[in-house]
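*Asks:* Okay, so the sequence shown: first residue is 0 according to numbering that gives the first Met the number 0, each after it adds one.
Just so you know, even glycine gets a beta-carbon here, dropped at the ideal spot from N, CA and C.
Note that the structure is a prediction, hence the values are computed from the model and not measured.
Got a structure for you, written out below as structure tokens; questions coming shortly.
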Amino acid sequence: MASTVSSLLAEVPDLADHEARRLIQLATGLARSAMLGDPPVPEEAVVRFSELVSRRRRGEPLQYIEETVQFGPVELNIDRRALIPRPETERLWEISAALIDGLDAPSVVDLCTGSGNLALALKHRQPAAFVVGVDLSPHAIALAKENASALGLDVLFVHGDLFEALPADLCRKVDLIVSNPPYIASAEIADLPAEVRDYEPESALLAGPIGIEILARIAGGARAWLRPGGWVICEIGETQGEACLHLFRDFDPRIEKDLAGKPRFVIGRAPQLPNVH
Ligand code: GLN
């Protein structure tokens, strides 16, 4: 008997219904609305579906299988070159966007940009902004550039180590530094879900023995790049709030929670006037 959408769904009771439907869509190219009519599925799409199901059953994240993810206002291409943008990082985008909303052509730096998600969503929100995204991984930078050109967004993506990669003329002119850096301690790798540990780039997750190493470097370098009154905002691990208040103590910092109520962001501001010694 020919397969239909409902017979394929019945074959994968172990998958969440919405995931199974997304894999059917990917295999068949059917629109969501067309699937409701339970149409027959051609044999080659059935074969494609079973390949996709095997990948999912092995633990590959759905977003890597679909090769796309929505982040705020932008749809990104995503693959194993970069971390899959998380819902909490969309909150980071919302807070960051609000900080620069009233500014005319702000300069924005996204450190550890990965797929370019924060940089691109901010540029989308504020087309007049000058946005630079930096990453230590040349593979992530290649993906971010592909995303920029697919979205038609003019963001400068540069490969390098945090601030070292920035154009020198941005010195003391940056309105916003935003970052979702690696913030997991090396020993915590064993505690990560297998989907994360086995598929996502370790260099996007692990910061070093303590976890706050990269955050410390951002706190240490930000002052030289921010204009007086410029903002710095980073995603942090839920147990790192106190440590980050200390790291960012020169920036009058505060901690914001994510939608699950966990401390997740440190937000600070460079003093309005340079210190007089
Ligand atoms: N929140 C991510 C995770 O737990 C980690 C992101 C990061 O290290 N920047 O998978």
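Roughly how many whole angstroms lie between the Cα atoms of residue 60 and residue 84?
*Replies:* Translated into the one-based positions of the sequence shown, residue 60 becomes position 61. Translated into the one-based positions of the sequence shown, residue 84 becomes position 85. Computed Cα separation, rounded: 12 Å.
*Asks:* Can you list, in chain order, the residues of its chain whose CB lies under 6 Å from that of residue 278, leaving out five sequence neighbours each side?
*Replies:* Residue 278 cannot be examined here, being either before or after the span of the chain that is shown, 0 to 276.
*Asks:* Kindly indicate which three-state DSSP category residue 90 falls into: helix, strand or coil?
*Replies:* Counted from its first residue, the sequence shown places residue 90 at position 91. Reduced to three states, the DSSP call for residue 90 is helix.
*Asks:* Just checking residue 82 against the ligand GLN - is the residue's beta carbon closer than 7 Å to any of the ligand's heavy atoms?
*Replies:* Mapped onto the sequence shown, residue 82 falls at position 83. Result yes, Cβ under 7 Å from the ligand GLN.
*Asks:* If you run the structure through DSSP and keep just helix, strand and coil, what is residue 4?
*Replies:* Residue numbering aside, residue 4 sits at position 5 when the sequence shown is read from its first letter. Reduced to three states, the DSSP call for residue 4 is helix.
*Asks:* Check whether the Cβ atoms of residue 162 and residue 207 sit closer than 8 Å, and answer yes or no.
*Replies:* As a working mapping, residue 162 is identified with position 163 in the sequence shown. As a working mapping, residue 207 is identified with position 208 in the sequence shown. Judged by beta-carbon spacing, residue 207 lies beyond the 8 Å limit of residue 162, meaning their Cβ atoms are not closer than that value.
*Asks:* Pull up the CB-CB distance for residue 138 and residue 80, whole angstroms please, since I reckon it's below 8 Å.
*Replies:* Working through the sequence shown from its first residue, we reach residue 138 at position 139. Working through the sequence shown from its first residue, we reach residue 80 at position 81. The pair is a contact, with the Cβ atoms about 4 Å apart (cut-off 8 Å).
*Asks:* Exposed or buried, which one is residue 148 when buried takes at least 16 other CB atoms within 10 Å?
*Replies:* In the sequence shown, the residue the question calls residue 148 occupies position 149. With fewer than 16 Cβ atoms within 10 Å of its Cβ, residue 148 is classed as exposed.
*Asks:* Pairing CB atoms from the region 262 to 272 with CB atoms from the region 224 to 239, are three or more of them under 8 Å?
*Replies:* yes
*Asks:* Would residue 269 and residue 222 be called neighbours here (beta carbons separated by less than 8 Å)?
*Replies:* Indexing the sequence shown from 1 puts residue 269 at position 270. Indexing the sequence shown from 1 puts residue 222 at position 223. Yes, the Cβ-Cβ distance between residue 269 and residue 222 is below 8 Å.
*Asks:* Between 204, 128 and 171, which lies nearest to residue 96 when the distance is taken from Cα to Cα?
*Replies:* Taking the sequence shown and counting its residues from 1, the one referred to as residue 96 is at position 97. Cα-wise, what sits closest to residue 96 is 128.
*Asks:* For residue 115, count the other beta carbons within 10 Å of its own beta carbon; 16 or more makes it buried, fewer makes it exposed. Which is it?
*Replies:* Residue numbering aside, residue 115 sits at position 116 when the sequence shown is read from its first letter. Label assigned to residue 115: buried.
*Asks:* Spatial neighbours of residue 191 within its chain, please: CB distance less than 8 Å, with the 5 preceding and 5 following residues excluded, ordered by chain position.
*Replies:* If you number the sequence shown from 1, residue 191 lands on position 192. Cβ neighbours of residue 191 beyond the five flanking positions: 183 and 204.
*Asks:* Using the three-state DSSP reduction, which class does residue 51 fall into: helix, strand or coil?
*Replies:* In the sequence shown, counting from the first residue as 1, residue 51 sits at position 52. Three-state result, residue 51: helix.
*Asks:* For the ligand GLN, any of its heavy atoms closer than 7 Å to the Cβ of residue 77?
*Replies:* As a working mapping, residue 77 is identified with position 78 in the sequence shown. The answer is no for residue 77.
*Asks:* Roughly how many whole angstroms lie between the Cα atoms of residue 64 and residue 86?
*Replies:* Taking the sequence shown and counting its residues from 1, the one referred to as residue 64 is at position 65. Taking the sequence shown and counting its residues from 1, the one referred to as residue 86 is at position 87. Their Cα atoms are separated by approximately 18 Å.
*Asks:* Can you give the Cα-Cα distance for residue 165 and residue 24, rounded to whole angstroms?
*Replies:* Your numbering for residue 165 matches position 166 in the sequence shown. Your numbering for residue 24 matches position 25 in the sequence shown. Roughly 42 Å separates the two Cα atoms.
*Asks:* What does DSSP give as the partner residues of residue 106 in its beta bridges?
*Replies:* By 1-based counting over the sequence shown, the position of residue 106 is 107. Beta-bridge pairing links residue 106 to 129.
*Asks:* Please list, in chain order, all residues of the same chain as residue 170 whose beta carbon is under 7 Å from its beta carbon, the five residues on each side excluded.
*Replies:* Residue numbering aside, residue 170 sits at position 171 when the sequence shown is read from its first letter. Beyond the five residues adjoining it in sequence on each side, residue 170 comes within less than 7 Å, by CB distance, of 223 and 224 in the same chain, given in chain order.
*Asks:* Can you tell me whether residue 112 is buried or exposed, with buried defined as 16 or more other CB within 10 angstroms of its CB?
*Replies:* Start at 1 with the first residue of the sequence shown, and residue 112 comes out as number 113. Buried: at least 16 other Cβ atoms inside 10 Å.
*Asks:* If I follow the unbroken beta strand (DSSP E) through residue 226, where does it start and stop?
*Replies:* Counted from its first residue, the sequence shown places residue 226 at position 227. Looking at the DSSP string, the run of the beta strand (DSSP E) that includes residue 226 is 225 to 234.
*Asks:* Give me the residue from 231, 187 and 249 with the minimum Cα distance to residue 92.
*Replies:* Here residue 92 corresponds to residue number 93 of the sequence shown, with the count starting at 1. Nearest C-alpha to residue 92: 231.
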